[in-house]
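**Student:**
Numbering (the numbering used here), first residue to last: 5 to 82.
1. Please report the straight-line C-alpha distance between residue 54 and residue 36, rounded to a whole angstrom.
2. Given a cut-off of 8 angstroms, decide if residue 39 and residue 79 are closer than it, judged by their beta-carbon atoms.
3. From the DSSP output, in three-state form, read off residue 28 for me.
4. Nearest-angstrom Cα distance between residue 51 and residue 59?
5. Sort 74, 75 and 66 by Cα distance to residue 82 and report the nearest one.
Below, the structure written as structure tokens:
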């Protein structure tokens, strides 16, 4: 019984390690990410997709709504 519980414990630990590594941050080309508030987006940023579209039109890689005041923040690899 002890051998079974050790095997189960080892499998659970392995699954947790794999899960944690899959959930880690993803960096573009391994470099740092630069952030800038959108100059075009007006008002509260409530929908990430709208922010993303505006940021891409401004020449950025991606955009997300961030912060307490819900600003549209655009990101690019530095």
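Using N, Cα and C, we set each Cβ at its ideal position, and we do this for glycine too.
**Tutor:** Here's the rundown:
1. In the chain shown, counting from the first residue as 1, residue 54 sits at position 50. In the chain shown, counting from the first residue as 1, residue 36 sits at position 32. C-alpha separation (whole angstroms): 24 angstroms.
2. Sequence index remark: in the chain shown, residue 79 carries index 75 (1-based). Sequence index remark: in the chain shown, residue 39 carries index 35 (1-based). Going by C-beta atoms, residue 79 is nearer than 8 angstroms to residue 39.
3. Indexing the chain shown from 1 puts residue 28 at position 24. With a pLDDT of only 41 at residue 28, under the threshold of 50, the placement of this residue in the model should not be trusted, and no figure is reported.
4. Reading the chain shown from its first residue, position 47 is the one you call residue 51. Reading the chain shown from its first residue, position 55 is the one you call residue 59. C-alpha separation (whole angstroms): 13 angstroms.
5. Counted from its first residue, the chain shown places residue 82 at position 78. For residue 82, the nearest C-alpha among the options comes from 66.
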